[in-house]
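For the sequence shown, the working numbering gives the first residue as 5, with consecutive numbering after it. Just so you know, even glycine gets a beta-carbon here, dropped at the ideal spot from N, CA and C.
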Amino acid sequence: MAAEIRLFPCLTDNFGYLVHDPASRAVASIDAPEAAPIIKALEREGWTLTDILVTHHHGDHVGGIAELKQKYNCRVVAPHDKTAKIPLVDVRVKQGDIVKVGTLLARVLETPGHTLDHISYVFDDEKALFAADTLFSIGCGRVFEGAYPMMWDSLLKLRALPDDFRLYCGHEYTAANVKFALTIEPNNPDLKARAEEVTRLRAAGKPTIPTLLGDEKKANVFLRADEPSVAASVHLKGASAAEVFGELRERKNKS
5 MAAEIRLFPC LTDNFGYLVH DPASRAVASI DAPEAAPIIK ALEREGWTLT DILVTHHHGD
65 HVGGIAELKQ KYNCRVVAPH DKTAKIPLVD VRVKQGDIVK VGTLLARVLE TPGHTLDHIS
125 YVFDDEKALF AADTLFSIGC GRVFEGAYPM MWDSLLKLRA LPDDFRLYCG HEYTAANVKF
185 ALTIEPNNPD LKARAEEVTR LRAAGKPTIP TLLGDEKKAN VFLRADEPSV AASVHLKGAS
245 AAEVFGELRE RKNKS
């Protein structure tokens, strides 16, 4: 029986996610932005939390851990970097490790840049990528702790996943990301189609997530930094992809 994934809003613009294994009844929360919406979602489904899979140490991703741990005595899985301030960690994981949620398997990818400890969780059988703040729909996270080449390498790891994987990211930023991306690739037909879709979804009060990774590869300018046309659009013809990516991120920071 396939995993069940539930998405719901947390805080002002975070996404909460629950991944349920019907075979074992295990349930993982991907990060814990705040406890109340996660508890509400669990109670609505009649599920009991067994795991929290943490992607990075920022407060809007770990703020609910203590309350959830106290209520459910759930396991907290977190990046291996012990210098990152993540409370009540039970298990630390690194690149290539496999995390079991009941009978479900999540593969760990180290995706630093936004933070040095950032990891993403790949559920291969479910074709689901939980990329938190490394990769957004039509965007990527700010590079707070790493360097631009580091973040570009992380994006390449995620871009290498199959097109039919669904991207579940940490925030509802798609509309703002589309607005910026259109300043770089105003004639990209895939981006224009996504822009129309996002407008419809947001007008209906619906989330823009999940999105197919294959669609992101065509429309997300941050995944296209090695395209000559993108380099030319930011006046960096012949520059390295990492340099082009850095210029794109700098421009987005100021937009």
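Could you tell me the distance, in whole angstroms, from the CA atom of residue i to the CA atom of residue j?
| i | j | result |
| --- | --- | --- |
| V202 | A223 | 12 Å |
| A6 | A40 | 26 Å |
| A164 | D194 | 19 Å |
| I213 | F169 | 12 Å |
| H118 | G218 | 23 Å |
| D25 | G63 | 27 Å |
| I123 | D129 | 19 Å |
| F184 | A132 | 26 Å |
| L186 | G100 | 36 Å |
| K241 | A235 | 5 Å |
| A208 | F12 | 15 Å |
Between the beta-carbon of residue i and the beta-carbon of residue j, is there less than 8 Å?
| i | j | result |
| --- | --- | --- |
| F140 | H84 | no |
| R79 | A45 | no |
| T107 | S158 | no |
| L162 | T115 | yes |
| V112 | V97 | yes |
| D167 | K221 | yes |
| K75 | I43 | yes |
Comparing alpha-carbon positions, which option in the options lies nearest residue i?
| i | options | result |
| --- | --- | --- |
| A179 | I142, P153 and P166 | I142 |
| F249 | G63, R206, D167 and M155 | M155 |
| N18 | T52, R48, D55 and V66 | V66 |
| Y172 | P116, F127 and D64 | F127 |
| D35 | G50, H24, D55 and D25 | D55 |
| V238 | V97, P190, K221 and H61 | P190 |
| A88 | V112, L113, T138 and V58 | V58 |
| A110 | E254, G145 and Y125 | Y125 |
| L72 | E130, V93 and D137 | V93 |
| L205 | L217, Y177 and A243 | Y177 |
| S259 | R146, G209, V234 and L120 | R146 |
| N77 | L53, G100, Q99 and G68 | L53 |
| Y152 | E47, E254, L22 and R48 | E254 |
| G68 | E47, A236, G100 and S33 | S33 |
Taking Cβ positions only, does residue i come closer than 8 Å to chain C?
| i | result |
| --- | --- |
| K196 | Considering every chain present, this structure includes no chain C. It has just one protein chain. |
Within its chain, find whatever has a CB closer than 7 Å to the CB of residue i; leave out the 5 residues flanking it on each side and keep chain order.
| i | result |
| --- | --- |
| A245 | W156, A229 and D230 |
| C14 | G20, P37, E38 and P41 |
| F226 | G143, C144, L159, F249 and L252 |
| D121 | H60, H61, P83, D85 and A88 |
| R247 | Sequence check: residue 247 is Glu here, not Arg. Excluding positions up to five away in sequence, the list reads L240. |
Beta-carbon within less than 6 Å of residue i's beta-carbon, same chain only, minus the 5 sequence neighbours each way: which residues are those?
| i | result |
| --- | --- |
| I90 | V58, H61, V66 and A82 |
| A199 | V182 |
| W51 | H24 and V31 |
With a CB to CB cut of under 8 Å and the five nearest residues on each side skipped, what residues in its chain are close to residue i?
| i | result |
| --- | --- |
| S233 | E189 |
Q) Along the chain, which unbroken stretches of the beta strand (DSSP E) at least 3 residues long are found entirely within the stretch 155-215? A) 170-173
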